[in-house]
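This report refers to the structure that appears directly beneath it.
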Amino acid sequence: MYDFAVVGVGPAGARFARRAADAGYDVLALEKGEVGTPLACSGHVSTDIWEYVPDEARDRLFQNRIYGANFRVGGPNSKAYPFYKQSEVSNVIDRVELDRTLADCAREAGADVREGHTVTAVEELDDRVRLTVSVAGEAGTVQFEAKMVAGCDGPTSRVRRALSLPEPSETLHGVLAFDPEPDDGDFVDVHLTVPRFFAWRIPRGDAGVEYGLAAPPGAEVTELFDALTNTYDVETEHFCSGAIPIGPPDRTTTRRAFLVGDAAAQTKPFTGGGILYGMTAADIAAETIDPDDPETLSAYESAWRDELSREIRLGHLVRRCYSFPEWLQRVGLRSLSGEIGVHMDKPSSFFSREHLKKLL
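FYI, the numbering for the sequence shown is 1 to 360, going by UniProt numbering.
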């Protein structure tokens with residue numbers, strides 16, 4: 001009997017497993033394949049990421065330093081509206097290596113991290129949860145039991161669906177691929193040319209360039225992506241595709257289960273990124289949940305919403321601007337572009353003294 005069974009060892013799952021193990025709990029963490037693969041997420045993150053990994057991991061994770069973004073209403077030859085800081089705004093990192101580093105941190109803390117373990121069923125009992133698991137290379141299934149289960153298994157969470165928890169408000173379809181030509185540029189490019197979202201170009205230093213976009217269901221994302229890379233006249237490789245959950249459901253807990261990260265749609269509505277929000281929620285879960293006391297799950301539900309709901313709500317407002325008429329987008333971008341004092345994970349920082357001073 002484990003204290004916690006963690007399903008999914010991405011950033012949120014690995015972070016919770018590490019923190020719970022550090023607190024003395026007996027933690028089992030299961031990843032259906034190899035940690036970090038397949039890649040389905042951009043590696044463009046705020047500099048806050050370094051608070052979550054060992055100092056010695058920085059050199060192998062770091063790829064490029066970003067100082068701002070060029071927003072465009074059209075393609076690469078359209079007018080750019082730059083938003084920037086004198087200091088670095090964000091970093092580009094090796095996304096696969098990030099997952100592996102965080103999983104190693106969980107192992108070092110004492111968590112039992114197992115790869116090649118696919119959860120096929122989740123049964124919630126009065127005093128425990130029972131997981132049925134298929135193990136790569138082995139016939140049949142095995143079962144594990146824990147006092148509680150953490151569903152950290154992404155936007156199509158099996159834990160969420162097995163326990164009939166509500167779905168996220170919306171799921172976008174994201175795609176990305178890479179041009180291996182090195183580029184250590186200081187700015188990312190953001191194109192407001194995709195229905196209700198955007199496309200991007202991210203220079204990754206010696207690792208090349210990332211091109212990507214996200215769009216609502218029904219949009220022809222492959223055709224939109226081909227149009228993006230054609231306008232840049234590049235050939236890309238390592239095409240990746242994945243779902244991006246937007247809008248947390250009304251409930252992310254049951255009596256003995258809780259969701260963290262993309263499974264709970266703890267993501268930024270205006271970018272789709274969820275690494276920092278998911279790990280923030282993982283820390284909150286580790287601090288509030290006692291596996292011997294199911295009542296503490298309500299404390300987690302309240303605490304993560306207190307921490308993130310304002311940023312998520314403001315993020316929805318930012319995203320609405322992507323659907324403004326083109327002329328209005330140009331007016332807004334022209335009015336607001338220039339030096340900024342905004343934190344890329346916190347829309348509320350738009351109203352900070354630092355940013356208002358820059359804006360004025």
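For glycine and all other residues, C-beta sits at the position ideal for the given N, C-alpha and C.
- Between the alpha carbons of Ala303 and Thr288 lies a gap of roughly 8 Å.
- If you draw a straight line from the Cα of Val234 to the Cα of Val73, it is about 20 Å long.
- Counting C-beta pairs closer than 8 Å gives fewer than three between the region 103-120 and the region 200-208, which falls short of the contact rule.
- Beta-bridge annotation (DSSP): Cys240 is paired with Leu176.
- Residues of the same chain with a CB within less than 8 Å of the CB of Glu88, apart from the 5 flanking positions on each side, are Thr47, Arg65, Ile66, Tyr67 in chain order.
- In this structure, the CA atom of Val331 is about 11 Å from the CA atom of Cys321.
- A distance below 8 Å separates the beta carbons of Met148 and Ala257.
- Tyr67 sits in coil when the DSSP states are folded into three classes, being neither helix nor strand.
- Restricting attention to alpha helix (DSSP H) runs no shorter than 4 residues, the region 214-289 encloses them at 221-232, 275-288, ordered along the chain.
- Nearest C-alpha to Ile246 among Ala215, Met1, Met279: Ala215.
- Contact annotation: Cys240 and Ala177 have beta-carbon atoms nearer than 8 Å.
- Judged by DSSP secondary structure, Gly151 falls within the beta strand (DSSP E) whose first and last residues are 141-151.
- Pairwise C-beta distances place the region 260-268 in contact with the region 6-18, as three or more of them are shorter than 8 Å.
- Each residue's CA atom was taken as its position, placing Val53 and Trp327 some 43 Å apart.
- In the DSSP assignment, Leu30 falls within the beta strand (DSSP E) that extends over 27-30.
- Taken through DSSP and simplified to helix, strand or coil, Ile202 comes out as strand.
- A contact is defined here as three or more CB-CB pairs under 8 Å, and the region 343-351 meets this definition with respect to the region 34-51.
- By alpha-carbon distance to Leu359, the top candidate from His316, Lys85, Glu210 is Lys85.
- Here Lys85 carries a coil assignment [DSSP, helix/strand/coil].
- Taken through DSSP and simplified to helix, strand or coil, Ser302 comes out as helix.
- Ranked by how close their Cα comes to the Cα of Met1, the residues Arg130, Phe71, Gly242, Glu223 have Arg130 in first place.
- CA-to-CA, the gap between Ser164 and Phe144 works out to about 20 Å.
- For Thr101, the enclosing alpha helix (DSSP H) stretches over residues 95-109.
- It is roughly 14 Å from the alpha-carbon of Glu307 to the alpha-carbon of Ala286.
- Around the beta carbon of His191, a 10 Å sphere encloses 16 or more other beta carbons of the protein chains shown; the residue is thus reported as buried.
- A straight line joining the alpha-carbon of Ala282 with that of Gly75 spans about 38 Å.
- Non-local C-beta neighbours of Arg58 in its own chain, meaning closer than 7 Å and more than five positions away in sequence, comprise Trp50, ordered along the chain.
- Taking C-alpha positions only, Arg310 is separated from Leu276 by approximately 15 Å.
- Scanning Pro166, Tyr81, Phe187, Lys32 for the CA closest to the CA of Thr132 turns up Lys32.
- Taking a contact as a CB-CB distance under 8 Å, the pair Val7 and Val113 does not count as one, their CB atoms being some 12 Å apart.
- In the DSSP annotation of this structure, Leu192 is not part of any alpha helix (DSSP H); the continuous beta strand (DSSP E) holding it starts and ends at 187-194.
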